[in-house]
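Numbering (full-length UniProt numbering), first residue to last: 1 to 230. Note that beta-carbon positions come from the ideal geometry of N, C-alpha and C, so glycine has one too. Everything below concerns the one structure shown next.
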């Protein structure tokens, strides 16, 4: 935001400089022509004084009408230039600056969201890698499947429990845990079942409730199929 602020300051300074030169040059010509105004001469006596006076007119430091009247009385051209300066700065430059800052704020907010999404994606990928490592330790025979006994034995390992605790999965009974993620109710888990089940259960209790409901529905469906086959 600092570079934007600096460029905004430079833009405002250039606008002020441009109009200050116009006012001082035009007022000097009017004074030489015999159109004298003591207040106006005092406010236009120096470059920085003129710039400060004009800046105050558009920022509420002084009422713009008190600036406009002596300029108009001295020179209608000066009065017209001041009105143009006032509206150009108030509704043009300031609105542009506000728009730039608003856009930067929106971009910053979008960037924060992208970073959060990226962080969540990396966390999920790391969790999946941990599950794959755990499955490799469980599948000692290389069959591609894990039994309930192997799963329960693995959960006694302190390192595994620490990983589960990180994802709020350490509270569950191992057998219940196994049954919940055993999608086909085969009594064995493959890698896909383990990943999908643990990812869905990680985090919130609401996910656990949904998984329990899914398990009950699968068992009910299996029971109905068995009865229909009989």
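Going by CA-CA distance only, name the one from 228, 58, 25 that's closest to residue 44. To locate residue 44, count along the chain shown from 1; it is residue 44. Considering only 228, 58, 25, the residue with the shortest C-alpha distance to residue 44 is 25.
Residue 138 and residue 169 closer than 7 angstroms at C-beta: For this step, residue 138 is matched to residue 138 along the chain shown. For this step, residue 169 is matched to residue 169 along the chain shown. It is not a contact, given that the beta carbons lie outside the stated cut-off.
Minimum length 4: unbroken alpha helix (DSSP H) runs contained in the region 52–110: Annotation note: the region 52–110 contains the following uninterrupted alpha helix (DSSP H) runs of length 4 or greater, listed N- to C-terminal: 64–74, 76–87.
If residue 148 and residue 187 are in contact, beta carbons under 8 angstroms, what's the gap, nearest whole angstrom? Walking along the chain shown from the start, residue 148 turns up at place 148. Walking along the chain shown from the start, residue 187 turns up at place 187. The C-beta distance from residue 148 to residue 187 rounds to 6 angstroms, short enough to fall under 8 angstroms.
So the alpha helix (DSSP H) residue 167 belongs to, where does it begin and stop? As a first step, residue 167 is located in the chain shown; it is residue number 167 there, counting from the start. Unbroken run through residue 167: none, as it is neither H nor E.
Please report the straight-line C-alpha distance between residue 52 and residue 124, rounded to a whole angstrom. Here the question's residue 52 lines up with position 52 in the chain shown. Here the question's residue 124 lines up with position 124 in the chain shown. Take the alpha-carbon of residue 52 and the one of residue 124: they are about 57 angstroms apart.
Expressed to the nearest angstrom, what Euclidean distance is found between the alpha-carbon atoms of residue 227 and residue 221? Sequence index remark: in the chain shown, residue 227 carries index 227 (1-based). Sequence index remark: in the chain shown, residue 221 carries index 221 (1-based). Rounded to whole angstroms, residue 227 and residue 221 show a C-alpha spacing of 10 angstroms.
DSSP state of residue 123 mapped onto helix, strand, coil: Within the chain shown, the letter at position 123 stands for residue 123. Secondary structure at residue 123: helix, using DSSP grouped into helix, strand and coil.
Buried versus exposed, by CB contacts within 10 Å (16 or more), residue 98: Translated into the one-based positions of the chain shown, residue 98 becomes position 98. Under this definition residue 98 is an exposed residue.
Taking buried to mean at least 16 other C-beta atoms within 10 Å of its own C-beta, is residue 13 buried or exposed? Residue mapping note: residue 13 aligns to position 13 of the chain shown, counting from 1. The residue is exposed, with fewer than 16 neighbouring Cβ atoms inside 10 Å.
Alpha-carbon spacing of residue 80 relative to residue 72, whole angstroms: Reading the chain shown from its first residue, position 80 is the one you call residue 80. Reading the chain shown from its first residue, position 72 is the one you call residue 72. Residue 80 and residue 72 have their C-alpha atoms roughly 7 angstroms apart.
What does the alpha-carbon distance come out to for the pair residue 63 and residue 3? As a position in the chain shown, residue 63 is number 63, starting the count at 1. As a position in the chain shown, residue 3 is number 3, starting the count at 1. Near 32 angstroms, if we compare the C-alpha coordinates of residue 3 and residue 63.
Assigned secondary structure, residue 140 (DSSP; H/G/I helix, E/B strand, else coil): One-based indexing of the chain shown puts residue 140 at position 140. Assignment of residue 140 by DSSP, reduced to helix, strand and coil, places it in the coil class.
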